[in-house]
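Undergrad: So the sequence lines, in the order shown, correspond to chains A and B.
Heads up: the first sequence is residues 1 to 427, going by my numbering.
Heads up: the second sequence is residues 1001 to 1427, going by my numbering.
Don't be surprised by glycine CBs; every beta carbon is placed ideally from N, CA and C.
This structure is a prediction, so every number in the text was calculated from the model and none was measured.
There are 2 protein chains.
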Amino acid sequence: MKDLASRTRTSARSLAAAEGGQRTQALEELIRLLTANEKRILEANKKDVAEAARTGLDAPLLARLKLSQAKLDGLRDGLRQLIEQGDPVGRPLRKTLLDDGLTLTQVTSPLGVLLIIFESRPDAVIQIGGLAIRTGNGLILKGGKEALHSNAILTDCIRSALEKAGLSPDAVNGVVQREAVHALLQCDEDIDLVIPRGSASLVRSIQSSSRIPVMGHADGICHVFFDKHADPAMAERIIVDSKCDYPAACNAAESLLVHRDFLPHIRRIGETLTANGVTLRAGSQASEHLTQCEPAGEEDGAVEYGNLTLSIRAVSNLNEAIDRIHQHGSGHTESIVTDCDSTAAAFLARVDSASVFHNASTRFADGYRYGLGAEVGISTGRIHARGPVGSEGLLTTRWLLRGSGDTVSTYSGANARSFIHTRLPLD
Amino acid sequence: MKDLASRTRTSARSLAAAEGGQRTQALEELIRLLTANEKRILEANKKDVAEAARTGLDAPLLARLKLSQAKLDGLRDGLRQLIEQGDPVGRPLRKTLLDDGLTLTQVTSPLGVLLIIFESRPDAVIQIGGLAIRTGNGLILKGGKEALHSNAILTDCIRSALEKAGLSPDAVNGVVQREAVHALLQCDEDIDLVIPRGSASLVRSIQSSSRIPVMGHADGICHVFFDKHADPAMAERIIVDSKCDYPAACNAAESLLVHRDFLPHIRRIGETLTANGVTLRAGSQASEHLTQCEPAGEEDGAVEYGNLTLSIRAVSNLNEAIDRIHQHGSGHTESIVTDCDSTAAAFLARVDSASVFHNASTRFADGYRYGLGAEVGISTGRIHARGPVGSEGLLTTRWLLRGSGDTVSTYSGANARSFIHTRLPLD
Chain A
1 MKDLASRTRT SARSLAAAEG GQRTQALEEL IRLLTANEKR ILEANKKDVA
51 EAARTGLDAP LLARLKLSQA KLDGLRDGLR QLIEQGDPVG RPLRKTLLDD
101 GLTLTQVTSP LGVLLIIFES RPDAVIQIGG LAIRTGNGLI LKGGKEALHS
151 NAILTDCIRS ALEKAGLSPD AVNGVVQREA VHALLQCDED IDLVIPRGSA
201 SLVRSIQSSS RIPVMGHADG ICHVFFDKHA DPAMAERIIV DSKCDYPAAC
251 NAAESLLVHR DFLPHIRRIG ETLTANGVTL RAGSQASEHL TQCEPAGEED
301 GAVEYGNLTL SIRAVSNLNE AIDRIHQHGS GHTESIVTDC DSTAAAFLAR
351 VDSASVFHNA STRFADGYRY GLGAEVGIST GRIHARGPVG SEGLLTTRWL
401 LRGSGDTVST YSGANARSFI HTRLPLD
Chain B
1001 MKDLASRTRT SARSLAAAEG GQRTQALEEL IRLLTANEKR ILEANKKDVA
1051 EAARTGLDAP LLARLKLSQA KLDGLRDGLR QLIEQGDPVG RPLRKTLLDD
1101 GLTLTQVTSP LGVLLIIFES RPDAVIQIGG LAIRTGNGLI LKGGKEALHS
1151 NAILTDCIRS ALEKAGLSPD AVNGVVQREA VHALLQCDED IDLVIPRGSA
1201 SLVRSIQSSS RIPVMGHADG ICHVFFDKHA DPAMAERIIV DSKCDYPAAC
1251 NAAESLLVHR DFLPHIRRIG ETLTANGVTL RAGSQASEHL TQCEPAGEED
1301 GAVEYGNLTL SIRAVSNLNE AIDRIHQHGS GHTESIVTDC DSTAAAFLAR
1351 VDSASVFHNA STRFADGYRY GLGAEVGIST GRIHARGPVG SEGLLTTRWL
1401 LRGSGDTVST YSGANARSFI HTRLPLD
């Protein structure tokens, strides 16, 4: 694995140093190869799906495992969007004239080598592979064994696409063995970022067993807060969407906080949630206003159910709502429903989460909905990218200084020159 | 320590949520307090210096420990610059209209709580304390015991300044005990970033003993490469500055690579270096062209000497120079000396270090010289900030979505609406 990581590093450096046009060509080749190999891809996927069905994989995982012509169309569309976005590598972000003939430019650069650990969804190979090529990053893909055949053929397509564009195929590598993960997590010299996409326990175990930075989120414990000035119909619409649209998603709401003055309105909203199959776990104050609910335990309000369960608690005011969010939330996404502008402004200013919403469903926290194009995941970390992460999160910067024989001793001592430090326009 | 970290977190949240004007006021109060307490500060510092001299602290560390009226003037100037820079918190970076009445804004936000571990230099308390206030971050300062009295009074000034501005003094805390570091490094719930400023071994031991992200650099193994098209006089000027201006600095050159066609020129350059007190450790090919040198061992070319020692090696071409830099460098700063534009362009495009220079001394890699104002350190990591880090490296972002009752179910199914995704001007 150490060899594999080091080989990926070397190839990633040549991918990064190549002309942007070559990386674009690789993306174009990949679109062509996905079309040319469509039949083989779907057959390989059928094998995986049949095997997974036999071993009793969960229905949602099975659905994510399954490829279709429509999914392949979507993947090709995504690659076309990446091509249209243009080359994000080497873009100047800041240019400063330090002194005559001494110019500093901060430019975007690939991060280096990414390790992605994911389950079930073979389409992630193409989405993340495409993003890696676009951003000039090397990539090691560790998929689940349930997608073995699908992942293998899709990874082959990416490697062939790189080769056809005159780039080293070793910039993208697939890894199959489960034991490989532990070894790869030790390769902090050659892997710059780990992106785990899977269960909270997977993410936490990776975070605690590697010196390599980890981007992503363990939990998505998202809150909706009904302020006393919430419009009841809007409140109902938002909590139903936040909870029921896709309960297994990380941006689904797990916890509803209700201003005590709004409590009289929650009976009807609770009935609608129940009608949508939601189990309500209510605190004592809230439960008095609900037709049907279970009593909330200590853990409710601080767990990601990942299903149609929702915790409901009354709070006395905005401060208590924000304190609860900071204490029990995971810093993912929180939304306030209110018609009061100043309360909304205070919520948006003070809630310390990656995404903070006013009068909108928590489910909007998503790279596609945000208009970022492809998404590698959602980060609840504060270092590097935060929230939905698109190609910008896979870039770092370098500082390029162009001089004419300059020395720093010129700027100290008796006849010291002064720096100019003029910001120059980006070209 | 867990309590201290959690108290800092709470106070940091209120510092972050305060109006920018209040943070500015705290900086103004700090300038006043530094003046009002100047005598007491210099007396406390005298105690530290006397004690350190008695225990035989190194001369360079002793120089860094010592405060003077001039140093205090410099600190007040730095604080004034921070005030002039304006409030960096809550600045919009990107604004997107997702749909009618649904606007997404990405804004800058404080990182949260910073832990700074530093030695000797008590002025760092004010520099970093000022940056923390400016960026709305909580701060735990762990200084060395040699600066005990100086750090204590300066930290008190910061806490009083916060209080006078109506902010919680607990946003900034000083810690004295050595054992505290280990305990603080376990507080990954309440500390978001560790910035160690000290020896490479200190940095490495922190990196391997904490789940908290660490910003900084262990080694500064910087290279200068003399291309075959280098101007000999410029080459000499740049290597003398890179090596001799401040040999203990992380941005001083440790390793000189020389294109074999340029070797005939290094006799004179070597003599100048020797006259400046530099010990040359040369590879066999290079040594044939030098008047005075020691033979390079295996480790030379891959260590940070931190003193007036320089490794010299011949290389056959640009590729070999870049490969050596990638293999033995620390990704800090590298400089090429050449009159050939295409070789310079290739070096700048391909060298994977935080700072990459053409015809300039490696010593320019510094936040002040880059025009960033205050600097918290230089990062060789690729995640988050890279290179010299000013206030931008102490900020993250949040995504604020303002809607009017929007749900994602509107954008799927039979009558799905489409997103607009129009980029809006920043106001």
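#1: Short of 8 Å Cβ to Cβ, which residues in the stretch 1309 to 1333 of chain B face chain A?
#2: Determine whether the beta carbon atoms of A:I191 and A:T8 lie at a separation below 9 Å.
#3: Is the beta carbon of A:F118 closer than 9 Å to that of A:L154?
#4: Tell me which residues of the stretch 1385 to 1407 of chain B have at least one Cβ-Cβ distance to chain A shorter than 7 Å, keeping chain order.
#5: Provide the residue span of the beta strand (DSSP E) that contains A:G405, from first to last.
#6: Quick one: list the residues of chain B neighbouring A:G86, beta-carbon separation under 8 Å, in chain order.
#7: Between which two residues does the alpha helix (DSSP H) carrying B:G1270 extend?
#8: Can you tell me whether B:S1409 is helix, strand or coil according to DSSP?
#9: Counting only beta-carbon separations shorter than 9 Å, does B:F1262 have a partner in chain E?
#10: Taking buried to mean at least 16 other C-beta atoms within 10 Å of its own C-beta, is B:Q1327 buried or exposed?
#11: What are the uninterrupted segments assigned as beta strand (DSSP E) that are 3 or more residues long and contained completely in the stretch 87 to 153 of chain A, given in chain order?
#12: Any Cβ of chain A within less than 9 Å of the Cβ of B:R1080?
#13: Do the stretch 1378 to 1395 of chain B and the stretch 322 to 340 of chain A make contact, defined as three or more Cβ pairs closer than 8 Å?
#14: Could you work out which residues of chain B lie near A:Q207, taking near to mean beta carbons separated by less than 8 Å?
#15: At the 9 Å Cβ level, is A:M234 part of the contact set with chain B, yes or no?
#16: Does the separation of the CB atoms of B:C1293 and B:A1302 fall below 9 Å?
#17: Helix, strand or coil for A:H421? Go by DSSP, reduced to three states.
#18: If the cut is a Cβ gap below 8 Å, which residues of chain A does B:Y1370 touch?
#19: Considering only C-alpha positions, which residue in the set A:D156, A:L115 and A:R204 is nearest to A:K2?
#20: I need the boundaries of the beta strand (DSSP E) containing B:G1377, first residue and last residue.
#21: At a threshold of 8 Å, does A:E254 count as lining the ligand NAD (C-beta to nearest heavy atom)?
#22: Check whether the Cβ of A:G90 lies closer than 9 Å to any Cβ atom in chain B.
#23: In its own chain, which residues sit with a C-beta less than 6 Å from the C-beta of A:A365, not counting the 5 before and 5 after it?
#24: Could you pull out every residue in the same chain whose Cβ sits closer than 6 Å to the Cβ of A:Q106, ignoring the five residues on either side in sequence?
#25: So B:L1111 contacts chain A; which residues on that side make the cut at Cβ distance below 8 Å?
#26: For B:V1337 and chain A, any beta-carbon pair shorter than 9 Å?
#27: Do B:L1139 and B:V1172 come within 9 Å of each other at the CB atom, strictly closer than that value?
#28: Give the straight-line distance between the Cα atoms of A:L185 and A:R13, rounded to the nearest whole angstrom.
#29: Leaving aside the five residues before and after A:V89 along the sequence, list all residues of the same chain whose C-beta is less than 8 Å from its C-beta, in chain order.
#30: Less than 8 Å between C-beta atoms, sequence neighbours within five positions excluded: which residues of the same chain meet that for B:G1129?
#31: In chain order, what residues of the stretch 1168 to 1194 of chain B put their CB closer than 7 Å to some CB of chain A?
#32: Taking B:L1290 as the reference, which of B:L1308, B:E1298, B:V1315 and B:P1264 has the closest Cα?
#33: Could you tell me which chain A residues have their CB closer than 9 Å to the CB of B:D1245, listed as they occur along the chain?
#34: Select from A:L280, A:D87, A:G74 and A:P247 the residue whose C-alpha is nearest the C-alpha of A:P60.
#35: Quick check: B:I1239 and B:A1360, are their CB atoms within less than 9 Å of each other?
#36: Check whether the stretch 308 to 315 of chain A touches the stretch 251 to 262 of chain A, counting contact only when three or more Cβ pairs, one atom from each stretch, lie closer than 8 Å.
TA: In short:
#1: Cβ contacts with chain A come from H1326.
#2: Cβ distance < 9 Å, so A:I191 and A:T8 count as in contact.
#3: With a cutoff of 9 Å on beta-carbon distance, A:L154 and A:F118 are scored as not near each other.
#4: Listed by position along the chain: R1386, G1387, T1396, T1397, R1398, W1399, L1400, L1401, R1402, G1403, S1404, G1405, D1406 and T1407.
#5: That run of the beta strand (DSSP E) goes L395 to D406.
#6: In chain B, no part has a C-beta under 8 Å from the C-beta of A:G86; the shortest such distance is about 15 Å.
#7: B:G1270 -> alpha helix (DSSP H) spans I1266 to A1275.
#8: The answer is helix: DSSP assigns B:S1409 an H, G or I state.
#9: Chain labels in this structure do not include chain E; the protein chains are A and B.
#10: Under a 10 Å Cβ-count criterion, B:Q1327 is classified as exposed, with fewer than 16 other Cβ atoms of the shown protein chains found around its own Cβ.
#11: Correct list: 92 to 99, 102 to 110, 113 to 118 and 138 to 142.
#12: No, B:R1080 does not count as interfacial toward chain A.
#13: As far as the Cβ criterion goes, the stretch 1378 to 1395 of chain B does not touch the stretch 322 to 340 of chain A, which means the pair count is below three.
#14: Within chain B, the residues R1211 have their CB atoms less than 8 Å from the CB of A:Q207, given in chain order.
#15: At least one chain B Cβ lies under 9 Å of A:M234.
#16: By the CB criterion at 9 Å, B:C1293 and B:A1302 fall outside the cutoff.
#17: DSSP places A:H421 in coil when its eight states are reduced to three.
#18: Within 8 Å Cβ-Cβ: T96, L98, L104 and W399.
#19: Nearest of A:D156, A:L115 and A:R204 to A:K2, Cα basis: A:L115.
#20: Note, B:G1377: beta strand (DSSP E), G1377 to S1379.
#21: Absent from the structure shown: the ligand NAD. Ligands present: none.
#22: Yes, A:G90 counts as interfacial toward chain B.
#23: Answer for A:A365: N251, T333 and S355, listed in chain order.
#24: Excluding sequence neighbours, A:Q106 sits near L93, R94, T397 and W399.
#25: Simply R382 and I383.
#26: B:V1337 counts as touching chain A.
#27: The Cβ atoms of B:V1172 and B:L1139 sit closer than 9 Å to each other.
#28: About 20 Å.
#29: So the qualifying residues of the chain are A16, G20, R23, T108, S109, P110, T135, G136 and L395.
#30: Answer for B:G1129: L1030, L1139, L1141, L1154, T1155, I1158 and V1172, listed in chain order.
#31: Residues passing the 7 Å Cβ filter: D1192 and L1193.
#32: Nearest in C-alpha terms to B:L1290, of all of B:L1308, B:E1298, B:V1315 and B:P1264, is B:P1264.
#33: Neighbourhood of B:D1245 in chain A, by CB distance below 9 Å: T407, V408, S409 and S412, in chain order.
#34: Nearest of A:L280, A:D87, A:G74 and A:P247 to A:P60, Cα basis: A:P247.
#35: Taking 9 Å as the Cβ cut-off, B:I1239 and B:A1360 do not qualify as a contacting pair.
#36: Yes: at least three Cβ pairs fall under 8 Å.
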